[in-house]
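Visitor: Before we start, here is the structure in question, set down as structure tokens.
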Amino acid sequence: MQQFISHNQIIQLSPEAIRIDGKSEVILCASLFYFRLPRGVWQERLRKVKAYGYNAIDVYFPWNYHETHEGVWDFGGEKDVAQFLQEASEAGLWVIARPGPYICSEWDGGALPAYLFVEVNMRIRDNDPLFLTHVARWYARILPILQRYEQGQGGSIIAVQLENELDFYPCEDPEGYISALRDLATGHGIKVPLIACAGQGGLLQATGFAEGVVPTCNFYPNDRDPSFEERVHSYREELARRGYPLLVTETNRSHFLLRRLLSAGAKLLGPYLQASGTNFGFTNAANNWGDPLSFLTSDYDFHGMITPEGHIREEAYEGRLLHHVIQTYGASLAEATPSGLNHLALKQGGELVFELNVSAFECPILPLRVPLLTWGIAGGGQLDYATAELIQVKHLAQEQRTLFIFHTDNEGEVQFSFESEISVQFAEMTVHVSQSERSVTLSFQASDKEIRATVQLSDGHLLEIIGMSRSRALRLEGIDEDGKLRIETVAVQARESREVEITWQLSKVDQLGSFSEEILYLGDDVDYLERHGIYRGFAWYQAQLPQTDNDYQGFILQRASDVVSLYTGVGYMGTLTPGGTSRYVPIPETIHVVPELTARVEIWGHTNFHDTTLPGLHLNSLKGLTGIIGVTSTRDLNQNWRFKLMKADEIKDEYAATDVDDGQWPIVSIGGWLSADLPAHHCYRKHFKLADKANRWILHTPGNFTEVYAYVNGHALGQVNPHDPFLDLTPFVHAGETAVITLFLDKTYIALSGQITLYEGTSASKWTVAGCQEQGLLQHAKASRIDAKPVTEAIAMKPGTVAWLYGELEDSNHSLGWRVYTKGRDMKLSVFFNGNLVGRIWTQGGANRPIFRGGSDESFYLPGAWFHEREEGNELAILLEAVGLENDAILEPLRFVPVSDS
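Shown next, in the form of structure tokens:
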């Protein structure tokens, strides 16, 4: 059987085991991300991960966190990677380092710098020379740091992951791409194993099976799936054939699932995000976790063991309990192999039986015929079986005594057998000694206190069997050298808010004015923000509409994202989240249209996941907008279409030409032809005259048309995306002419229904744009404070208005920090604390509020590490935007909940 040995010989991988410095280990690995935690709490979070049973962490290194603009690098202060790795090593934790270049992680752009997205003819995440040139610059910065902190080189890194879940992405050459990353890594002296993970099981697509790169698996099943182990075994067997162990680099956070993975032979158990954090700054992502669009919250918390503010959840005790089990069987378990479904054959003899009960969410690990020599007890005895889980075996150095600790929720039964006679010295349990006096069976009821029995072996060695309830076992920290059990008192975190000394002031600001003095003049053509060097934060587009004889009926935002607040003069048109699509915005009767347009745009975050459902969900999608059209005519085109029933093999282009004779075709409404054919291939054509004074024409096709392919004047417009049903006819038509639209509809079992509307209008021109990031916003907040007025009650703001809210907060919680809860309606908040952007929140209300995922969408965290002592206190500056359209936005008084010292 092939064995993978890293270049430094310290890390060895085989199908049976991971060996570190010659010792076989089961790796229990928790995600912990330095970039989502204040530097001041790194040590404390690492200590908690270690205390609750984990011996390793995995950590991403986000490229765009360290290169904020092309060629501008930052590895200091809160971004001090070397310091974090040093602290992880000092905490006694191994590290799986994940430098990307792409990391996913619900992080802005998956950590790919947004300047890459404007490169022409470059294939990101692929074997593309231009892309790899950029990656080489990043690797040249990060890999030398990782190399210095490898296991055996002064640190504790035991593996470096290349890329991340590449099988989710349409990479044309995964082998070439991963091989190129491998060569860059080894060229920088990386000697620990290089790994690459499959996100949906595509080992080939994720790794190309590149030589010298170990494939790993990420599993995110339903934890109660009764057939899950079968899938895991298939991957373990495939990897074993290639000479590798099963390494699960990501999975769900329940230790019930981790036990199931252990039963299937996994040697690395890597639940994702056991230690939660915060997306500080403009680092959130947008992705497809909504319908389909969602925004990631600043709070980054999937309910793992440790909350963003450091509180311990109940699942942490499950982690420590599993750690106790793994340590109890040591190398014998670390080198165990599956002997059947839910059975592991221990290396030193015997088995572990995983008693899976998916309905009860239980999976106790029970011993069967395990030699006592596993724990260094000579004499040929064995632990025959136990219906209770064995969680610790402790040899007392000062005595000839060994403790065996079992737990159960009900009644536990344990049987030992020996090659010589034994005697029972003490028993609080029910004890049965065999007639030969060479075996003993002990039973006990679960209790929240220890129940003991002592058995003396023929050589005088004492076995002390201790039984307890599962709830007590969860609180077992360890055993002292004198045999005393340390039972933890579970900390209770604060849940109630507390009054804080804080004075609030409000300063209303110009909702149309840019917060930046640097204005770019674009002329009559507008483009995405990244093409103008704006990669995060806010931007203000301003433009002019031409004067027209016809009243404007509405506006079309073209290819807009992420958050767009639109104004005509001071008239507020609403705030939208189009997801990169176009949107029609009707003009309310109360709004007087003037030529001056303003669009305030916020980049919530570049998508972290590639999805073609919406334009804004493409991994390399850009932000901002590509135009605004003032609509002067809205035409209903649902009636009087010429129809032809087509055959499946007929060529569409032949029926889309302008000179097709369709005069004898039946005239029907769109989608209105009835036929019994399924699927049925329909061709609809319509001739219509365009407006004389318009210069933009947009076809809108919302509804259920299943698959629709559109042509105008013989030119293919492509397949209609039902999530973005706007088709720009402008390049192929001219004012005043008669145009021909051809639609090919493939009808299936679903009835065709929808609307066809033609919008005609004129483009805005004379564009300018200005961008503003964290420091610019803070400067604007400081400058605006001169006009601030005290506020003591709930804040109400008219739709479309903008203000700064200021508060001075004392450190009245012993530098532990606060969780702050918001409540209101149609209010968007960007919260700065002592110069750090700590949260972005959009309160409930309004049809245009997007779906939020990833954590709490109503609260933000004020880290204790960022408090400081000074006479004027600690400053909150909150940018408020009233984003509703019909009602005043409301923000009720904030509720402060103290962080506990847990």
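Just so you know, we're using this note's numbering here: the sequence shown kicks off at 27 and counts up by one.
Here a beta-carbon is modelled for each residue, glycine too, at the ideal position from N, C-alpha and C.
Predicted, not measured: the structure shown is a model, and the values here were computed from it.
1. Going by DSSP in three states, S701 sits in which element: helix, strand or coil?
2. Within 10 angstroms of its Cβ, does I46 collect 16 or more other Cβ (buried), or is it exposed?
3. Along the chain, which unbroken stretches of the beta strand (DSSP E) at least 3 residues long are found entirely within the segment 500 to 534?
4. Could you name each continuous alpha helix (DSSP H) segment of 4 residues or more that falls completely within the segment 639 to 693, going from the start of the chain to the end?
5. Compute the Euclidean distance between the alpha carbons of G606 and S497, then round it to the nearest angstrom.
6. Mind checking which residues open and close the beta strand (DSSP E) that includes R395?
7. In angstroms, rounded to a whole number, what distance separates the CA positions of A108 and Y175?
8. Give the straight-line distance between the Cα atoms of R512 and L192, rounded to the nearest whole angstrom.
9. Beta-carbon within less than 7 Å of T827's beta-carbon, same chain only, minus the 5 sequence neighbours each way: which residues are those?
10. If you compare alpha carbons, which of H707, I44, I184, G215 is closest to L111?
11. Please state if the CB of A137 and the CB of P196 are separated by a distance shorter than 8 Å.
12. Identify every residue that forms a DSSP beta bridge with S57.
13. Check whether the segment 373 to 384 touches the segment 453 to 466, taking contact to mean three or more Cβ pairs, one atom from each stretch, closer than 8 Å.
14. For D325, which of helix, strand or coil comes out of DSSP?
15. Output the distance between the C-alpha atoms of F194 and V240, rounded to the nearest integer angstrom.
16. Have a look at G97 and T594 and give me their C-alpha separation to the nearest angstrom.
17. To the nearest angstrom, how far is the alpha carbon of G600 from that of G744?
18. Could you please give me the residues that DSSP links to V589 through a beta bridge?
19. Could you tell me if F387 is buried or exposed, where buried requires 16 or more neighbouring beta carbons within 10 angstroms of its beta carbon?
20. Using DSSP with H/G/I as helix, E/B as strand and the rest coil, what is D134?
21. Quick one: any contact between the segment 780 to 797 and the segment 569 to 576, if contact means 3 or more CB pairs under 8 Å?
22. When you compare the CB positions of R626 and W566, do they come within less than 8 Å of one another, or not?
23. Should the segment 244 to 262 be regarded as contacting the segment 324 to 341, the criterion being three or more beta carbon pairs within less than 8 Å?
24. Within 10 Å of its beta-carbon, does P612 have 16 or more other beta-carbons around it, so buried, or fewer, so exposed?
25. Distance, Cα to Cα, N862 vs L902?
26. Which same chain residues end up closer than 6 Å to H806 when comparing Cβ atoms and leaving out the 5 residues on each side of it in sequence?
27. Under a three-way DSSP split, which group does K373 fall into?
28. So, are the CB atoms of Y326 and G890 less than 8 Å apart?
29. Once you ignore the five residues that flank I36 on each side, which residues in its own chain have a CB closer than 7 Å to its CB?
30. What number of angstroms, rounded off, separates the C-alpha of M27 from the C-alpha of V419?
31. If the criterion is Cβ atoms closer than 8 Å, does the pair T2 and G438 meet it?
32. Looking only at DSSP bridge pairs, what is A185 linked to?
33. Out of K712, T818, Y681, W667, point me to the one whose CA is closest to I693's CA.
34. Kindly list the residues whose CB is nearer than 6 Å to the CB of A357, restricted to its own chain and excluding five residues on each side of it in sequence; keep chain order.
35. Where does N147 land, buried or exposed, given buried means 16+ other C-beta within 10 angstroms?
36. Return the Cβ separation of G697 and L771 in integer angstroms, given the expectation that the two are a contact with Cβ distance under 8 Å.
Guide: Taking the geometry as given:
1. coil
2. buried
3. 502 to 505, 511 to 513
4. 679 to 682
5. 51 Å
6. 391 to 397
7. 8 Å
8. 45 Å
9. K534, Q537, A908
10. I184
11. no
12. D84
13. no
14. strand
15. 18 Å
16. 39 Å
17. 30 Å
18. E628
19. exposed
20. helix
21. yes
22. yes
23. no
24. exposed
25. 9 Å
26. F541
27. coil
28. no
29. I46, D47, Q177, G178
30. Note that M27 scores 43 on pLDDT, short of 50, meaning its location in the model is unreliable and no value can be drawn from it.
31. What the structure shows of the chain is the stretch from 27 to 928, and residue 2 is not part of that stretch, so it cannot be assessed.
32. I122
33. W667
34. S50
35. exposed
36. 6 Å
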